[in-house]
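There are 2 protein chains.
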Amino acid sequence: MPRLIDHDQRRAELAEACWRVIAERGVGAVSVRTVAAEAGVSVGSLRHVLPTKGGLLAAAMRLCLERATARFAAHSPDLRTRADAINWLTEMLPLDAERRLEMTIHLALAAEAAGHPELASLRAAPDDAVRSGCEVVLRTCAAAGLLRDGLDLDAETTLLHVLLDGLAFHLLGPAARLSDDAARAILDAHLAARWA
Amino acid sequence: MPRLIDHDQRRAELAEACWRVIAERGVGAVSVRTVAAEAGVSVGSLRHVLPTKGGLLAAAMRLCLERATARFAAHSPDLRTRADAINWLTEMLPLDAERRLEMTIHLALAAEAAGHPELASLRAAPDDAVRSGCEVVLRTCAAAGLLRDGLDLDAETTLLHVLLDGLAFHLLGPAARLSDDAARAILDAHLAARWA
DNA sequence: CGCAACGTAGCACGACCGTACTACCATGAG
DNA sequence: CTCATGGTAGTACGGTCGTGCTACGTTGCG
Chain A
1 MPRLIDHDQR
11 RAELAEACWR
21 VIAERGVGAV
31 SVRTVAAEAG
41 VSVGSLRHVL
51 PTKGGLLAAA
61 MRLCLERATA
71 RFAAHSPDLR
81 TRADAINWLT
91 EMLPLDAERR
101 LEMTIHLALA
111 AEAAGHPELA
121 SLRAAPDDAV
131 RSGCEVVLRT
141 CAAAGLLRDG
151 LDLDAETTLL
161 HVLLDGLAFH
171 LLGPAARLSD
181 DAARAILDAH
191 LAARWA
Chain V
1 MPRLIDHDQR
11 RAELAEACWR
21 VIAERGVGAV
31 SVRTVAAEAG
41 VSVGSLRHVL
51 PTKGGLLAAA
61 MRLCLERATA
71 RFAAHSPDLR
81 TRADAINWLT
91 EMLPLDAERR
101 LEMTIHLALA
111 AEAAGHPELA
121 SLRAAPDDAV
131 RSGCEVVLRT
141 CAAAGLLRDG
151 LDLDAETTLL
161 HVLLDGLAFH
171 LLGPAARLSD
181 DAARAILDAH
191 LAARWA
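Chains as they are written, first to last, in the UniProt record's numbering: chain A, 1 to 196; chain V, 1 to 196.
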C-alpha cells in the first residue's frame with residue numbers, strides 16, 4: 001500500500017487556500033486552478049480530494065463552521081459574573097483577524113448560495129449556533145439569578161442575537177466603523193440594563 | 001442625427017437585469033453575455049453603454065444606492081410621535097420584497113469588492129446614509145424634547161445603527177428568522193426605553 | 001434627398017473555465 | 001524483490017469569458 005494522506009486535513013488545507021483566494025480576489029476568482037495554485041498543488045491532485053468546484057466551495061464554507069464551533073467548544077460555559085457573560089458573547093464576535101476573515105468568507109459564500117445549491121444548506125448553521133449561544137448565556141444567567149425577574153427570555157434571546165449580528169457586521173470591512181472596545185461597551189450596557 | 005437614447009435610463013435597465021441574474025444565479029453568474037441576454041439586448045449593445053464588466057457591476061451597485069436614497073428623500077422627516085420615528089427608521093429596513101432584493105444585491109456585490117476595486121468606493125455610502133438617518137431621527141426627537149435628558153446622542157446613534165443593521169440582517173434570507181412585526185416591536189421597545 | 005451620427009448586432013481573438021482521462025511515481029504489504 | 005494501490009501531474013476537450021473591432025440599420029439635421 002502506498003503513502004496515505006489524511007483526506008480531512010487535506011480538505012482543510014485546500015479550503016484554507018480557497019479562503020485566501022476569496023479574501024484577496026473575491027469569490028469570482030475562485031476556480032480549481034487558482035485554488036490549486038494557491039495551495040501549491042496540481043489541479044489533478046486537488047480534484048483527487050475535492051472532485052468538483054461545488055465541493056470545493058462547500059469545503060471552504062464548512063471550514064468556517066468547523067472553526068467557529070471548535071472555538072465555542074473550547075470556551076468553558078462558566079458564567080458567574082457579567083464579565084464572564086461578556087467574554088462568552090464576544091467569543092462570537094469578529095474581534096481578531098482570524099474571526100474577521102472567517103466571517104467575511106462566510107458572508108461572501110452565503111451570497112453565492114443562489115448559484116451553488118450545496119452552499120444553501122450550510123448557510124443557516126452558524127446563525128443557529130449563535131442564537132443557541134445567546135440562549136445558553138441568558139438561560140444560565142437567569143437560572144443563577146443574575147438577571148432581573150420578569151424577562152421574556154425568548155424575546156431577549158432574539159434581541160441579543162440581533163444586537164450581536166449588528167455588532168459583528170459593524171466590526172467587519174476595511175474601515176472598521178466600530179472599535180473592539182466600543183462593541184464590548186455596547187454589549188456590556190445591554191446586559192447591565194438586564195442585570196439583577 | 002439618429003435616434004438618441006437616455007443613457008442613464010439604459011444603464012438602470014441593464015443594472016436591473018444584472019440584479020435579476022445575481023438574485024437567481026449568484027454574482028458568479030454575472031457576465032456581459034448573461035446580463036445582455038437577461039436584458040434582451042446584444043452584447044455589443046450593452047457594451048455601448050457599459051463598456052466593461054467592472055462598470056456593469058458598479059452600475060448594479062450604484063442602483064442600490066440610488067433606489068435607497070430616492071426612498072429616503074420621498075419620506076418626509078416629520079417627527080412628532082414615536083410612531084413617526086418608527087416609520088422613519090423602518091424605511092431603512094428590508095420590509096418588502098423590493099428592499100430585500102436591494103439589500104441582498106448590495107451584500108453580494110460588497111462581498112465581491114475585493115476583486116473589483118470600482119465596487120469598494122460604493123460600499124460605504126449606504127452605511128453612511130443609514131447612520132446619518134439614525135442621527136437625524138435622534139437629534140430631531142431630542143430637539144423636540146421627545147427623548148429623555150442626558151442621552152449621549154453620538155453613542156445612541158451608533159447603537160441604533162447597530163440595532164438597525166442587525167434587524168436588517170435577520171430580515172434577509174429565504175427562511176425569514178424575524179417577522180416584520182417582530183422587527184418593528186424591537187425597534188419600538190428600544191425607542192420606548194429612551195422616550196421622555 | 002443625402003449623409004453624418006448614433007445605436008445595434010455580430011464575429012474574432014486569446015485566455016481561462018470545469019471536468020475527464022491517462023501516465024507516472026512512491027510506497028509498503030506479501 | 002514485486003507489485004498492487006493511492007497520490008500526483010499533465011494533457012485534452014468543449015465551452016464561456018472579457019474585450020476589440022467591423023458592418024449594418026436608422027434617424028433627423030442641413
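Backbone N, C-alpha and C fix where the C-beta goes; we use that ideal spot for every residue, glycine too.
Cβ proximity to chain V below 8 Å picks out T158, L159, H161, V162, L163, L164, D165, G166, L167, F169 and H170 from the region 154-172 of chain A. When secondary structure is reduced to three states using DSSP, L147(A) falls in the strand class. Between A142(V) and the set L50(V), R10(V), D96(V) and A85(V), the nearest pair of CA atoms involves A85(V).
One Cα belongs to R194(A), the other to G115(V), and the distance between them is close to 44 Å. For the C-beta of A114(V), the chain A residues within less than 7 Å are, from N- to C-terminus, A23, E24, R25 and G26.
Taken in chain order, the whole beta strand (DSSP E) runs of length 3 or more contained in the region 11-70 of chain V number zero. Note that the C-beta distance between L107(V) and R62(V) is not below 8 Å. Comparing alpha carbon positions, the residue from V162(V), L167(V), L93(V) and G55(V) closest to A185(A) is V162(V). Residue-level contact by beta carbon holds for I186(A) and chain V, with a gap shorter than 8 Å. Going by beta carbons, A189(A) and L171(A) fall outside the 8 Å limit. Chain-order list of chain A residues neighbouring L107(V): L107, A110 and A111, by C-beta distance under 9 Å. Take the alpha-carbon of P126(A) and the one of C64(A): they are about 9 Å apart.
Within 7 Å of the CB of A124(V), the CB atoms of chain A belong to A175, in sequence order along the chain. Its Cα nearest to that of D8(V), the residue L56(V) stands out among L89(V), S42(V) and L56(V). When only Cα atoms are considered, I105(V) and T140(A) end up about 39 Å apart.
Near chain V, meaning a CB-to-CB distance below 9 Å, the residues of the UniProt domain "HTH tetR-type" (8-68) of chain A are I22, A23, E24, R25, G26, V27, G28, A29 and V30.
For A168(A), the CB contacts under 8 Å within the same chain, skipping 5 residues up- and downstream, are M92, L93, P94 and M103 in chain order. Counted as a single uninterrupted DSSP element, the alpha helix (DSSP H) harbouring M103(A) occupies residues A97 to A111. Cβ neighbours of R33(A) within its own chain (closer than 8 Å, five residues either side excluded): V43. If you draw a straight line from the Cα of C134(A) to the Cα of S45(V), it is about 52 Å long. G115(A): not part of any alpha helix (DSSP H); DSSP gives it neither H nor E.
Residues C134, E135 and L138 of the same chain have their beta carbon placed closer than 6 Å to that of T157(V), with the five preceding and five following residues left out of the count.
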